[in-house]
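Trainee: In the numbering used here, the protein residues as written are 572 to 682.
Quick reminder that beta carbons are idealized off the backbone N, C-alpha and C, glycines included.
Keep in mind the model is a prediction, meaning the values are calculated, not measured.
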């Protein structure tokens, strides 16, 4: 679905304990192959206008990728400035993750 939603931004982000876990996960060498697959999927899903969202890349991520690496990788790409939130939102179509109907951010790919 492509309806634009108007939600508040997350402000400063996640709490320090959660951020520490995300940082550890995103830098864990055991998950390097998973992170690479997630980044490849996101890069492949970027639209001609340079934007992308979870609905675009979800189906491109291989099934063997550890699910928790996906969010950690997206978070790390955001902190690195590779993915920049546009302020737009879409409605998630993620039935498998039970996130269908929830808001999903739209990002601009800046790499």
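#1: Please state the DSSP three-state secondary structure of residue 633.
#2: Mind checking residue 624: buried by the 16 CB within 10 Å criterion, or exposed?
#3: Quick check on the DSSP output: the alpha helix (DSSP H) that includes residue 609 runs from which residue to which?
#4: Exposed or buried, what is residue 663 when buried is set at 16 or more other beta-carbons lying within 10 Å of its beta-carbon?
#5: Which same chain residues end up closer than 7 Å to residue 628 when comparing Cβ atoms and leaving out the 5 residues on each side of it in sequence?
#6: When the Cα of residue 677 is compared with those of 632, 641, 622 and 644, which residue comes out closest?
#7: Do residue 669 and residue 640 have their beta-carbon atoms positioned less than 7 Å apart in this structure?
#8: Our contact map puts residue 644 next to residue 609 with C-beta atoms below 8 Å; I'd like the distance itself, whole angstroms only.
Mentor: In this structure, then:
#1: DSSP places residue 633 outside both helix and strand once states are collapsed to three, so it counts as coil.
#2: Residue environment for residue 624: buried (at least 16 other C-beta atoms within 10 angstroms of its C-beta).
#3: Here the alpha helix (DSSP H) through residue 609 covers 603-616.
#4: By the Cβ-count criterion, residue 663 is buried, with 16 or more other Cβ atoms from all chains shown falling within 10 Å of its own Cβ.
#5: Contacts found: 612, 613 and 616.
#6: Out of 632, 641, 622 and 644, 622 has the C-alpha closest to the C-alpha of residue 677.
#7: No, Cβ-Cβ distance for residue 640 and residue 669 is not below 7 Å.
#8: Contact holds; Cβ gap of about 4 Å.
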